[in-house]
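Colleague: Attaching a single structure in structure tokens format; questions to follow.
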Amino acid sequence: MDEKMDELDYQILRELQKDGAMSLTIIAKKLKVSIGTIRNRLSRLIEDNTVQIIGRVDPDKVGFHAYARIFISVKPAKLIQATAKRLSQFPEVSFLAMISGKYDLELNVQCRDNNHLIELMEKIHVIEGVYETETNMYLKVFKIAQPDLDLVKDLWAK
């Protein structure tokens, strides 16, 4: 981010986390600044990829009943980036990261059911570089949330 975030940016992000569909007019009134200021700040935050305005759905309510976390060991290690790029193309993948430890990659997937998960695993196992996997099923999800911005508020406080 070229420009350092400040308290107003933080407050805008907090309001959007409460309700991503909140109008700029309401945000401006709540924060006691002009709508133009909110529009400019939000445009900058979107442009530099600090925030994306999305609709978060409850996967279970829309038909995804098999969630899993998959750890993947990649060999040779020089294929980690290429393997991650290929895995990121699967629409079932909702999270993908390079990690430390026994495995090289961690991904979270959302599938319709166990058969769909098995089909996905079969596709993953034939990707060049995938050496070993470990899959953990999420049996019940108790919380899905965005990061709590109050935990880093001091970074923006003046």
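For the sequence shown, the positions run 1 to 158 when full-length UniProt numbering is used.
Heads up, the beta-carbon is just placed ideally off N, CA and C, and yes, glycines get one too.
Helix, strand or coil for residue 17 per DSSP?
Modeller: Helix at residue 17.
Colleague: Quick check on the burial criterion: 16 or more other C-beta atoms within 10 angstroms. Buried or exposed for residue 101?
Modeller: Exposed, since its Cβ has fewer than 16 Cβ neighbours within 10 Å.
Colleague: Restricting to Cα atoms, I'd like to know which of 151, 80 and 138 is closest to residue 132.
Modeller: Measuring from the Cα of residue 132, the nearest candidate turns out to be 80.
Colleague: Quick one: grab the DSSP three-state call for residue 66.
Modeller: Of the three classes helix, strand and coil, the one that applies to residue 66 here is strand, per DSSP.
Colleague: Under 8 Å by Cβ, that's how I've got residue 74 and residue 130 pegged, so tell me the actual separation to the nearest angstrom.
Modeller: With 8 Å as the limit, residue 74 and residue 130 qualify as a contact, their Cβ atoms being about 7 Å apart.
Colleague: When DSSP labels each residue in this structure, what does residue 43 get in the three-state scheme?
Modeller: Reduced to three states, the DSSP call for residue 43 is helix.
Colleague: What's the call for residue 138, buried or exposed, on a 16-neighbour Cβ count within 10 Å?
Modeller: Exposed, because fewer than 16 other Cβ atoms sit within 10 Å of the Cβ of residue 138.
Colleague: Measuring alpha carbon to alpha carbon, tell me which of 90, 24 and 20 ends up nearest residue 57.
Modeller: Ranking the options by Cα distance to residue 57, first place goes to 20.
Colleague: Nearest CA to the CA of residue 108: which residue from 147, 64, 126 and 148?
Modeller: Selected option, being the one with the closest Cα: 64.
Colleague: Roughly how many whole angstroms lie between the Cα atoms of residue 145 and residue 78?
Modeller: Their backbone Cα atoms lie some 34 Å apart in a straight line.
Colleague: By a C-beta neighbour count over all protein chains shown, 10 Å radius and 16 as the cutoff for buried, is residue 97 buried or exposed?
Modeller: So residue 97 counts as exposed.
Colleague: Mind pulling the alpha helix (DSSP H) runs of 4 or more residues that sit fully within the stretch 70–126?
Modeller: If we require 4 residues or more, the alpha helix (DSSP H) runs fully inside the stretch 70–126 come out as 80–88 and 114–125.
Colleague: Assign residue 33 to one of three DSSP states: helix, strand, or coil.
Modeller: In the structure shown, residue 33 sits in coil (DSSP, three-state: anything other than H, G, I, E or B).
Colleague: In three-state DSSP terms, what is residue 128?
Modeller: DSSP places residue 128 in coil when its eight states are reduced to three.
Colleague: Within this structure, are the beta carbons of residue 72 and residue 41 separated by less than 9 Å?
Modeller: The answer is no: Cβ separation not under 9 Å.
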